[in-house]
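Line by line, the protein sequences give chains A and B. Residue 705 in this note's numbering sits at position 28 of the first sequence; the count goes up by one each step and never skips. Residue 1585 in this note's numbering sits at position 285 of the second sequence; the count goes up by one each step and never skips. The C-beta atom is built at its ideal place from N, Cα and C for all residues, glycine as well.
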Amino acid sequence: MDKPLNAHVNTLGGSPALRRNGETIAFAVMVVILIVAPFFTYPLFLMEVMCFALFACAFNLLIGYVGLLSFGHALYFGWASYLSAYSAKAWGFPPELAILTGTLTAAVCGLIAGSLAIRRQGIYFAMITLALAQMMFFVALRAKLTGGEDGIQAVPRGYLFGLIDLHDQTAMYILVLVIFLGGFLLIHRIIHSPFGEVLKAIRENEPRAISLGFKVDRYKLIAFVLSATLAGLAGSTKAIVLQLASLTDVNWPMSGEVVLMTLVGGLGTIFGPVVGSFVILTMQYKLASVGEWVLVIQGAIFVACVLLFRRGIVGEIAARLKR
Amino acid sequence: MHEIFGIPSMALFGQLLIGLINGSFYALLSLGLAVIFGMLNIINFSHGAQYMMGAFAAYLLLKYTGLSYWPALIVAPILVGITGVIVERLFLQWIYKLDHLYGLLLTFGLALIIEGIARNEFGSAGLPYVVPDALQGGHNLGFMFLPNYRAWVIGVSLVVCFGTWFVIERTRLGAYLRAATENPTLVRAFGINVPLMITLTYGFGVALAAFAGVMAAPIYNVSPQMGSELIIVVFAVVVIGGMGSILGAIVTGFGLGIVEGLTKVFFPEASNTVIFVIMAIVLLVRPAGLFGRGT
């Protein structure tokens, strides 16, 4: 029998109370860092990190807690980004409605793609999600709404609830922070709910979960839709922050990137995707001048993570602490 | 000029031909994926990159050693196959005991490395590779013009596909392979070197991809991203056909190529997406795939 993808997570053990304390402290540290950080580095960069961190957390909900590898999460991120940008620019939606529009788009896409993908398991699931995402990439390439190669540029940030001018960097930062923390806490809540326990049971032993009477497919589909929706929330917010939606967001390298972020940070750890997206985005900025070598380095990190470093940064730290 | 369903027959058969060509590559690549998956339990995401390596190997052999298309057709797959053997020994052999998904992630990383290096060295623009002299020109069949090179590609693909099928399903070596797929431990107990067989299987699968790459070089331009675009479609082909059957992979590959070609004639907007749509329909109707056995 193959070891499940997150076999290491179970070996960590430790009492739940201790773990909960550790998580609370880590969460507080994260919040403090996110509040203080804009005084030391570019707020725009931090906002991008938070959007990608939420995206990676949403992705991690599937891979880390249900054991489903979606290789097509760019579909939800990218299309949400398009709809958010389009509704803000063409229909003049205020930012909160634009983000909602994008998020709902991702939810619908997730429902359709998810109900197809969960018909197969394991490796096929990954290939199906990738193929469906590629299909929607081609649609984005041709559709009028997306602006094709140009994407949707100069998206107005607008006034939140008609009152707060989001062109003000501080206001925008606070909004992104609230969205990110809200999404993060929601995912945390989902994972630790009875529903989340069933998801983990499915990850560990699907036939057994079925034999216990759980409608596994329904659980998987709900998890998939939740993950796609939150990925959409991240994409929608990103479109408003960067005032841009483009083909990059919806293409397969984006799906690969979110996998990489989560893998680097630690599959199946709550904070892993956040750390991972910070690391990967920082790397991309630092290496922007070396052009295509970024691709090579990303590939090398993939290989290194799979061979030597399967727990990821946060998983590794947690394992050390437990010892 | 003849017309069929209001479409000039020249255009119809022309697209059918292109469909068959694409189908040849789908068949060759999904065959390689199926063979590798059978032995290694790994979905080889770098298959597209290795296909691209084959095309570049042919290009570089011509440029620096003057080796023409014909020897390249043999030499390039061997060279790329050797890199496959090295990759298996260096990386893949360590992850057989892990979840299959790690194999996908690892080979995805390898694909990024290979494509990144190719982009750095050669840029993103396509490089031309001329059709060999012996296959220049074509024949007018009356109802359509058949370029010799394209006829050659379809013919050779069919031969290679069925050759592979024959080796795996009808020879002693193939019997060992199939047995090792079912129960490697037992086959080892009979004194057969299974790890060596696994290594060589991966090398063979990679060589098959490179072979397809060499054949593709004169048709499409040689470019770093030629593989990544193709591999995702091939994944859809594999989902449709299922990886349980070699013959299934071949039939599905050619069949979907033809369907894609026809779509280009009747509904060109959908030609990029039709294979994915078919995949969705197959998942609804026959979740296990057309030739699949279980998941």
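Out of curiosity, what's the CA-to-CA distance linking residue i and residue j?
i         : j         : result
A:Glu993  : A:Phe716  : 30 Å
A:Ser792  : B:Val1335 : 29 Å
A:Thr925  : A:Tyr759  : 11 Å
B:Ala1327 : A:Thr847  : 55 Å
B:Ala1512 : A:Leu937  : 29 Å
A:Gly942  : B:Gly1426 : 36 Å
A:Arg885  : A:Arg697  : 28 Å
B:Thr1464 : B:Ala1516 : 19 Å
B:Gly1594 : B:Thr1563 : For B:Gly1594, the pLDDT reaches just 48, beneath the cut-off of 50, and the residue's location in the model is therefore unreliable, although a value from the coordinates is still provided. C-alpha separation (whole angstroms): 30 Å.
B:Pro1602 : A:Phe815  : With chain B running from 1301 to 1595 in the structure shown, residue 1602 of chain B is simply not present.
A:Ile917  : A:Thr959  : 21 Å
B:Asn1420 : A:Arg987  : 29 Å
A:Phe948  : A:Ile740  : 14 Å
B:Gly1541 : A:Gln811  : 18 Å
B:Phe1313 : B:Gly1553 : 18 Å
B:Ala1479 : A:Leu972  : 39 Å
B:Thr1485 : B:Ile1492 : 10 Å
B:Gly1474 : A:Ile829  : 54 Å
Should residue i be flagged as near chain C, meaning a C-beta pair shorter than 8 Å?
i        : result
A:Glu874 : No chain C appears in this structure, whose protein chains are A and B.
Could you spell out the range, first to last residue, of the alpha helix (DSSP H) harbouring residue i?
i         : result
B:His1439 : From DSSP, B:His1439 is part of no alpha helix (DSSP H) but of the beta strand (DSSP E) over Gly1438 to Asn1440.
B:Pro1447 : Segment Phe1445 to Pro1447 is the beta strand (DSSP E) holding B:Pro1447; no alpha helix (DSSP H) there.
B:Tyr1502 : Val1494 to Ala1516
A:Trp929  : Trp929 to Gly942
A:Ala977  : Trp970 to Leu985
A:Ala965  : No alpha helix (DSSP H) contains A:Ala965, which DSSP labels as neither H nor E.
B:Asn1420 : His1400 to Phe1422
A:Ala735  : Pro720 to Tyr742
Is the Cβ of residue i closer than 8 Å to any Cβ of chain B?
i        : result
A:Val980 : yes
A:Ile800 : yes
A:Trp929 : yes
A:Arg796 : yes
A:Ala803 : yes
A:Ala977 : yes
A:His685 : Note on A:His685: pLDDT 46, under 50, position unreliable in the model; the coordinate value appears next. Output row for A:His685: interface = no.
A:Lys680 : Here A:Lys680 scores only 46 on pLDDT, less than 50, and its place in the model should not be relied on; the value that follows carries that caveat. Chain B contact via Cβ: present.
A:Ile990 : no
A:Ala733 : no
A:Leu689 : The predicted position of A:Leu689 is uncertain, since its pLDDT is 42 and thus under 50; no value can be drawn from it.
A:Trp756 : no
A:Arg895 : no
A:Gln830 : no
Below 8 Å between beta carbons: does that hold for residue i and residue j?
i         : j         : result
A:Arg750  : A:Ala908  : According to the sequence as given, residue 750 of chain A is His; it is not Arg. Cβ atoms of A:His750 and A:Ala908: closer than 8 Å.
A:Leu1001 : A:Ala784  : For chain A, the structure presents residues 678 to 1000; residue 1001 of chain A sits outside this window and is missing.
B:Leu1373 : B:Val1514 : yes
A:Arg796  : B:Leu1583 : yes
B:Ala1510 : B:His1347 : no
A:Ile990  : A:Val935  : no
B:Pro1377 : B:Gly1354 : yes
B:Val1537 : B:Ser1330 : yes
A:Thr906  : A:Thr778  : no
A:Ala757  : A:Ser913  : yes
A:Ile974  : A:Leu984  : no
A:Val832  : A:Leu921  : yes
B:Gly1384 : B:Ala1580 : no
Hey, is residue i's beta-carbon within less than 8 Å of any beta-carbon in chain A?
i         : result
B:Leu1405 : yes
B:Thr1595 : Low local confidence applies: a pLDDT of 44 at B:Thr1595 is under 50, so the model's placement there is unreliable, with the coordinate-based value given in what follows. Output row for B:Thr1595: interface = yes.
B:Ile1382 : no
B:Leu1486 : no
B:Glu1388 : no
B:Gly1561 : no
B:Asn1483 : no
B:Val1585 : no
B:Phe1408 : yes
B:Trp1394 : yes
B:Gly1319 : no
B:Thr1573 : yes
B:Val1439 : According to the sequence shown, residue 1439 of chain B is His rather than Val. No, its Cβ sits nowhere closer than 8 Å to a Cβ of chain A.
B:His1400 : yes
Taking DSSP as the reference, what is the three-state secondary structure of residue i?
i         : result
A:Ala922  : strand
B:Leu1427 : strand
A:Asp842  : strand
B:Tyr1520 : coil
B:Tyr1364 : helix
B:Leu1317 : helix
A:Ile829  : strand
B:Pro1587 : coil
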